[in-house]
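The opening position of the sequence shown corresponds to residue 151 in my numbering, with each subsequent residue numbered one higher. For each residue, glycine too, the CB sits at the ideal point set by N, CA and C. Structure, as structure tokens:
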Amino acid sequence: MASRASYRDRAFVVRTYDFGEADRVVVLLTRHHGLVRSVAKGVRKSRSRFGSRIQPFVDIDVQLYPGRNLATITAADTVAYFAGRIIEDFDRYAAGCAILEAAEKLSYSDAERGSSLFDATRDALEQLQSPEQHPTLVLDAFILRATEHAGWGVSLFHCANCQAPGPHKAFSAPTGGAVCNNCRPPGSADVDPETLHVMWLIQNGHPAATDMVEQVHRLTTAHLHWHLETAVKSLKIMEQA
Numbered sequence: 151m152a153s154r155a156s157y158r159d160r161a162f163v164v165r166t167y168d169f170g171e172a173d174r175v176v177v178l179l180t181r182h183h184g185l186v187r188s189v190a191k192g193v194r195k196s197r198s199r200f201g202s203r204i205q206p207f208v209d210i211d212v213q214l215y216p217g218r219n220l221a222t223i224t225a226a227d228t229v230a231y232f233a234g235r236i237i238e239d240f241d242r243y244a245a246g247c248a249i250l251e252a253a254e255k256l257s258y259s260d261a262e263r264g265s266s267l268f269d270a271t272r273d274a275l276e277q278l279q280s281p282e283q284h285p286t287l288v289l290d291a292f293i294l295r296a297t298e299h300a301g302w303g304v305s306l307f308h309c310a311n312c313q314a315p316g317p318h319k320a321f322s323a324p325t326g327g328a329v330c331n332n333c334r335p336p337g338s339a340d341v342d343p344e345t346l347h348v349m350w351l352i353q354n355g356h357p358a359a360t361d362m363v364e365q366v367h368r369l370t371t372a373h374l375h376w377h378l379e380t381a382v383k384s385l386k387i388m389e390q391a
């Protein structure tokens, strides 16, 4: 039987849990191999070689040896450390946790889309470092970009149903975004067209005013939850804070 070769990849830790007396199961969002479940052996010991690097908000270059159920982390080097300013501020920490959880739920196996998701995650965590960036808008921009990479892009100007040009004054997550008066289904949300414009701005990397954060976040999370068909727990923590 041919031996399985180890490989290196860039990764973010999206989730961990203790395993045995000294090990830890680490779920990694990798750049080229999608979501990888791995084990870091002995990482909970004080003399662990790379325990300080296996944590959220750190871009790591990791070496993995494939296993039947879990890969084994054999080496890890820090590429970029984003945790400092994130963990010092609750709003940024909550947004960062939501970014990682959403990235895990949106992950896919093919390399091209996987690298796009990894890069979007990295960009979002890097932006959370800046005091000039509103953490909720950083999170919402990530969700809009990541869902677009997943094939669930939201329509923000044209009607999601008939493609009539806007601006429109209603939003329907099941339909795919903005909807015109003729196509508006029951249950659609009334929306200020400027809110949709702000969503377009942040999705495309442009600066945006922060006076519509609440409305933007409500529509963005509705879009995400409709397509995931499951809740992102970190978002609920943000909303309760």
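Nearest C-alpha to Cys247 among Val341, Val208, Val229 and Gly303: Val208. DSSP, read as helix, strand or coil, puts Ile204 in coil. Cα atoms of Arg242 and Gln277: separation of roughly 10 Å, rounded to the nearest angstrom. The beta carbons of Gly316 and His308 sit closer together than 8 Å. Beyond the five residues adjoining it in sequence on each side, His377 comes within less than 7 Å, by CB distance, of Thr297 and Trp302 in the same chain, given in chain order.
Exposed is the label assigned to Gly337, since fewer than 16 other Cβ atoms lie within 10 Å of its Cβ. The secondary-structure analysis by DSSP pairs Ile210 across a beta bridge with Ala161 and Thr228. Closest in alpha carbon position to Ser305, among Cys330, Gly234 and Phe162, is Cys330. A distance below 7 Å between beta-carbons, with the five flanking residues on each side excluded, links Ile387 to the following residues of its chain, in chain order: Ala244. For Phe292, the secondary structure class from DSSP, reduced to helix, strand or coil, is helix. With distances taken between CA atoms, Ala314 lies nearest to Asn332 out of Ala323, His299 and Asn332. Cβ-Cβ distances below 6 Å link Pro216 to Arg154 in the same chain, with the five nearest sequence neighbours on each side left out; the list follows chain order. Between Phe268 and Gln205, the alpha-carbon positions lie close to 16 Å from each other.
Membership of Asp241 in the alpha helix (DSSP H) is indicated by the continuous run Phe240 to Leu256. The beta carbons of Arg174 and Thr180 sit no closer together than 8 Å.
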